[in-house]
Every structure is written in C-alpha cells, then in structure tokens.
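Numbering (this note's numbering), first residue to last: 129 to 618.
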C-alpha cells in the first residue's frame, strides 16, 4: 500500500479525500464549501458529459441555457418546491460595490435590488416561467430540453464531489401533452442513467422509486438509481422526476389540445451531477489509488520507455510511434510519457495513483525480444506480450477490465442485499455488514421517520417490478405487501 494514502480499513473518509487530492481530481477552494476541479478530474467529467449528452440527443433532447439568477417570487409559486430548497438558497440582495472612506470595498447600500435574486439551486421555476411563452398548442409538444450548468445549494457539511455548495450537473426539463407521455419520459431517462452507470461507470445500480418522504420537492413521483459503495453505504446516482401538472399550474402553462380545449401540460425533470465522480472513486478504487473503468478514464493507456542513451531511446520511440498510431486509430486514449523529468519507477507509481487502466513498459531488451510488459491497474498483474498485434490485444484487454470491474462491483452489491424481519436484526445488519437491507415497512412516513431516527438508515428506493409478498413492518408490526431497500447513505 502507498504510504501516501490512508487505508480504507483505517479511515474510509480520509481514504476517499486522499484519493481525490493525490489522484489529481480536485482541490479545496478559498470559498468555503466549494472545490476546484483540476484538469484530470474535469477530463473525467467531460468523458461522462460527452457520453450522456450523446444519449440525450439520441432520445430527441436539445441543449439550452437558462439564467443563473431566479427572482425570489418565482420560488414562492410552487409551495412544496420552495420548502424543499429554502434552507439551501444563496440570495443576491445588492448589485454594486463601492469604496468606503478608508478605501475598502463595501456593499453600496443604495444598490439594493427591488427583488432579491436566488442563485440557481435547480431551474424548474425559471424554466417553467419561460415555457409559458414557448407553449401554446399540442404542436409545440413534447418540448424536450436539457441544460448543462452549475447550481448552488448552501450545504453546511461538505465533501469533495459528494456534497459541495456549488457543483456541476445537467438538468432535463420536458413538457408533454399527457400524463402517460410524461411518465414514459421519466422512465426512459432513468434507464438512460442506469445504462450509463452500468455500461460506462461499471457501477451496478438498483432502479426504483422513492418513498413519498424522499421524493423531490414538488414531484408526484421520483424515480432513482441507487448504487452501493465499498464501505456499505448507498449513494443516489441519478434521479428522474414526474412532476405532474404542478409547475404548469404554478406558472400557468396551458396548451390547446387536438380537440381545441385548453389544458395544463405535464412535466418531468431529471439530472445527474459531479457526485458521479465521487461514486466512481468509492466503488472501484483501492489503497494504492484510483481505479477507473476504461470507457470513461481520461487516459486509458500510458506507455513508459526504459532506456540508456539516445540510441536506445530512438529505437523505442520508433516502435512506440507505430503502437500509439494503431491504438489511436482504434479509438484508445493513449499517452507516451517519454519525459526525462522523472524516473520510470516514479511514473509507474503516479499512473497507478491516477487509475490509468493499462500501463505498458518498453525497454531496450524488450525491443530485442519483440515484447512489452503490460500492467493492469485493476488486478495489479503484469505479463509480457508480443509487440506484434499488441494494439488489438490492448483494445480487448480494456474491454476485459471494464467487464471485470462491473462483475466485481455487482458481486459485492448482490452480497450486500440482505433481508431483515425484525428491527433488532435490521440494526445488527446495518452495524455489522452494511449495504442494502430488504425489509417490510407499513407505508407511512411516520414509521419511515422513526426508523431513520433510530438507525440513521433511510428508504433508498422501492425497486421497480418489486416482488409482492405479505409481511409485517419491522417497526410497527402492521401489514405490508412488499419489502423495500433501506441503507445508510451519502
């Protein structure tokens, strides 16, 4: 284990922070609760963004951009929605600074805004106020809009990527002629997220719906994907909300249907954020650094030469140039690190820390034997492979690593879905094993709140297509028709 990283078993939270900082993903900022996303971390986000953006466009959505500032009165129009975000809002009250008699910059008291502006915590209100002018007829529907943006939620307890006062995300906001179309959209986007998590992040997820107490503020239903981290805590990896007609009524967004009758449109919203990077780190990484799935790793292959003198270097360069050309032609993100600033051993440790899936070492003797040393980041195994046909073998190896990371995470997740039939068993499993606890619940928010108060566990979701079975609530003993998944969570 690297001496630079705290062991997972010793302090999981510190281990996570060490990986983020030493892996070059992010850094702390001068602004409390905010972070600086470093180039390597932003490269990871760009990879996620590009894949998701293509999927959104394949399903008919277009990108737009709406203001960062929202008039305070807009948030008052949908009561449940504003209640959900009221304690997290950053408020702009003035629009100008001035110098005081001592030459210090102060807020100009005469520049007070007539109406305060809220720094975007989410965009439903500003978007639905705009949609009022965009939608008149069924011919304007469906309206399928996404925006990539930053949002601000004034969190008191922050953690890099998982919970920061400002973070990056995408938020889809769609309008439909019928409830059925809106629900279908909500479910479709949930599946887009689940497909991305499983096939790109190698992160198995449970698809489900939230309990009423855990729904998005202002939604009729919140669909979610829930993932499990290596410490046995759950993490909500994406949500898709069926908003009904709540926002359409709040902002008077009506359309003339095919029968020429006025009706309110039906709405959805859905989003994922940079917390996906936190999920990725916690799901796959180890005590030696990051472990990144090849499909979204900013750098998939690094080649390190080992040589003495210019003559050996020239021969290695010639071979590596051929190999990198073949790999790039196959779509592989590859780097040839031939800088003489650091020794090969330092480079090996650096790229291990950064989670680069495959490392190739090529020395003068390797060249004579027509082989290269291939190191896998996920298993930390090495093997010598022939240089002939190596590019094809690397492409196949990247797919193999991708699948094995998923299989490993899936086996861990499945081993940590455990039934409990009493509150005593429930608490013991939470403390000793963690993970998802499958238990009966009487369906009331009161009981859900009491279980949370007792155990710090929440209902993560009611799985889609959940098997119905007669049972009794673990806390109240009242009748229940199905088990739901509880967990302690981020």
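The beta carbon of each residue, even a glycine, is placed where N, CA and C say it ideally should be. Just so it is clear, the structure is predicted and the values come from calculations on it, not from any experiment.
The residue from 527, 589, 196, 294 with its alpha-carbon nearest to that of residue 254 is 196. Judged by pairs of C-beta atoms under 8 Å, the segment 422-433 does not touch the segment 183-198, as fewer than three such pairs exist. Linking residue 296 to residue 173 through their CA atoms gives a straight-line distance of about 9 Å. Spanning the alpha carbons of residue 218 and residue 302 requires a straight line of approximately 26 Å. Residue state for residue 282 is assigned as coil, using DSSP reduced to three classes. When the Cα atoms are used, residue 608 and residue 414 turn out to be separated by approximately 40 Å.
Counting only residues of its own chain and dropping the five nearest sequence neighbours on each side, residue 588 has a CB closer than 6 Å to the CB of 354, 362, 613, 615. Under the three-state reduction of DSSP, residue 491 is assigned to strand. Residue burial annotation: residue 475 is buried, with at least 16 other C-beta atoms found within 10 angstroms of its C-beta. Within the same chain, 500 come within 6 Å of residue 494 by CB-CB distance, once the 5 residues on both sides are set aside. By the C-beta density criterion, residue 399 is buried, having at least 16 other C-beta atoms within 10 angstroms.
Bounds of the alpha helix (DSSP H) holding residue 554 are 551-560. Burial state of residue 582 is exposed, judged by a 10 Å Cβ sphere holding fewer than 16 other Cβ atoms. The DSSP assignment places 271-280, 294-304 as complete runs of the beta strand (DSSP E) inside the segment 250-333, in order along the chain (cut-off: 3 residues). Per the coordinates, the alpha-carbon of residue 234 lies some 15 Å from the alpha-carbon of residue 220.
Residue 543 sits in a helix when the DSSP states are folded into three classes.
Under the three-pair Cβ rule at 8 Å, the segment 484-492 counts as touching the segment 502-522. DSSP places residue 428 outside both helix and strand once states are collapsed to three, so it counts as coil. By the neighbour-count definition (other C-beta atoms within 10 Å, threshold 16), residue 206 is a buried residue.
When rounded, the separation of the alpha-carbon atoms in residue 497 and residue 533 is 32 Å.
Closest option to residue 412, judged by alpha-carbon separation, among 144, 472, 138: 144.
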